[in-house]
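S.K.: Sharing a structure below in structure tokens format, with a few things to ask.
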Amino acid sequence: DVVTIEEDVPVARAATPAIFFDGRDKVAATRGIVMTRAGWDRDRGTVNAGAVAVSDLSKYGTQFDIPIGENIFSNQAFEYTALSISASDDDTFVEIDRDGDGGVDQTHTLNEGETVYVDGGMSAGGRVVASKPAQVHLLTGDVGSLVSGRWYEVFPQEVLDDEYVAAAQTTAPGNPVSIFVHNPNDSTIDVAVNAAGTANDTTLSIVAGGTQSFNLPAGSGAQF
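What follows is the structure in structure tokens.
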């Protein structure tokens, strides 16, 4: 069974806000469930929509490395890059490095269910550090476009790995699928790519804190 909870949420909240099905909600279940959150502009419709899986608390973390951002100038899809950070416990202290220079640009203290929105200015190589488990989502868009908006989950450092499989593909070579590979480590790493026509003869050398993109061959996924 699927339960759909949907309503219009005003962007400008009243001084004494009403209760909506939106951020800060808390859901518990006696058995395992899956949750997805989606949103779009009511007047424009779903041509500009976003959706992300809502992670359970076991997948929350305390350090998040941002793999894409406004400093990837070759890709207008990230011309605007924002963050949404949610806390699972009271008195969660959050430090945000927006430009990836290692310094702290913003700090916030959140209680359980509270969210802070970083309204643009995020760069690849940026970082979020929380004193208690939190979740982070990226929201990106092409400035001036009516349809180019996307949401992404950012997985915490605690669950990062050294092997990934990208199953998405394209059948139109002129409309490629781009994979962005980020190196959050303190030294350069080499990433072998195994896709149709590459057979591990493609290697991405990514500097510390750097991000590289790879276009999947038409009709192929890839192992990294």
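Numbering (the working numbering), first residue to last: 315 to 538. Note that CB positions come from ideal geometry on N, CA and C, so glycine has one too.
1) I'd like the list of long-range same chain contacts for Gln-377, defined as Cβ closer than 8 Å, with 5 residues on each side in sequence excluded.
2) Kindly indicate the opening and closing residues of the beta strand (DSSP E) around Arg-356.
3) Apply the 10 Å Cβ neighbour rule to Tyr-431 and answer buried if 16 or more other Cβ atoms are within range, or exposed otherwise.
4) Per DSSP, which one or two residues make a beta bridge with Leu-452?
5) List the endpoints of the continuous beta strand (DSSP E) containing Val-432.
6) Within its chain, find whatever has a CB closer than 7 Å to the CB of Ala-365; leave out the 5 residues flanking it on each side and keep chain order.
7) Tell me whether Ala-367 is buried or exposed, calling it buried when 16 or more other Cβ atoms sit within 10 Å of its Cβ.
8) Quick one: using the 10 Å Cβ neighbour count with 16 as the cut-off for buried, is Asp-379 buried or exposed?
9) Should Tyr-394 go down as buried or exposed, given a rule of 16 or more other Cβ atoms within 10 Å for buried?
10) Is the CB-CB distance between Val-408 and Thr-421 below 8 Å?
11) Can you give me the Cβ contacts of Leu-460 inside the same chain, cut-off strictly under 8 Å, excluding the 5 residues immediately before and after it?
12) Might you give, ordered along the chain, the residues of its own chain that have their beta carbon closer than 7 Å to the beta carbon of Gly-417, omitting 5 neighbours on each side?
13) In whole angstroms, what is the alpha-carbon distance linking Pro-447 and Ala-486?
14) Tell me whether Val-323 sits in a helix, a strand or coil according to DSSP, three-state version.
15) Taking 8 Å as the cut-off, does the stretch 483-498 touch the stretch 396-405 (at least 3 CB pairs, one atom from each stretch)?
16) Below 7 Å CB to CB, which residues in the same chain sit around Val-468 once its five sequence neighbours on both sides are set aside?
17) Shortest alpha-carbon distance to Phe-538 belongs to which of Thr-454, Val-521, Asp-475?
18) Thinking C-alpha only, which one of Val-317, Ala-506, Ser-527, Gly-511 is nearest Thr-517?
19) Determine the direct distance from the alpha carbon of Ala-332 to that of Val-325, and round the result to whole angstroms.
20) Assuming Ile-542 and Ser-527 make a contact with CB atoms under 8 Å, what is their CB distance in whole Å?
21) Let me know the secondary structure DSSP gives Ala-367 once reduced to three states.
22) Considering only DSSP beta bridges, list what Asp-504 is partnered with.
23) Which class does Ser-437 belong to by DSSP, given the choice of helix, strand or coil?
M.R.: Reading from the atomic positions:
1) Arg-441, Val-442, Val-443, Ala-444, Pro-470, Gln-471, Glu-472, listed in sequence order.
2) Arg-356 -> no beta strand (DSSP E), and no H or E assigned at all.
3) exposed
4) In the DSSP assignment, the residues bridged to Leu-452 are Leu-397, Tyr-466.
5) 429-432
6) Around Ala-365, the same chain offers Thr-350, Arg-351, Ala-352, Trp-465 as residues with beta carbons nearer than 7 Å, after the five sequence neighbours per side are excluded.
7) exposed
8) buried
9) Tyr-394 is buried by the Cβ-count criterion.
10) yes
11) Arg-358, Val-361, Asn-362
12) The answer, listed in chain order, is Asp-411.
13) 41 Å
14) coil
15) no
16) Phe-378, Ile-380, Val-450, His-451, Leu-452
17) Looking at the Cα atoms, Asp-475 is the closest of the given residues.
18) Comparing Cα-Cα distances from Thr-517 to each of Val-317, Ala-506, Ser-527, Gly-511, the minimum goes to Ala-506.
19) 12 Å
20) Coverage of the chain is limited to positions 315 through 538, which leaves residue 542 absent and any answer about it impossible.
21) Secondary structure at Ala-367: strand, using DSSP grouped into helix, strand and coil.
22) Beta-bridge pairing links Asp-504 to Ser-519.
23) coil
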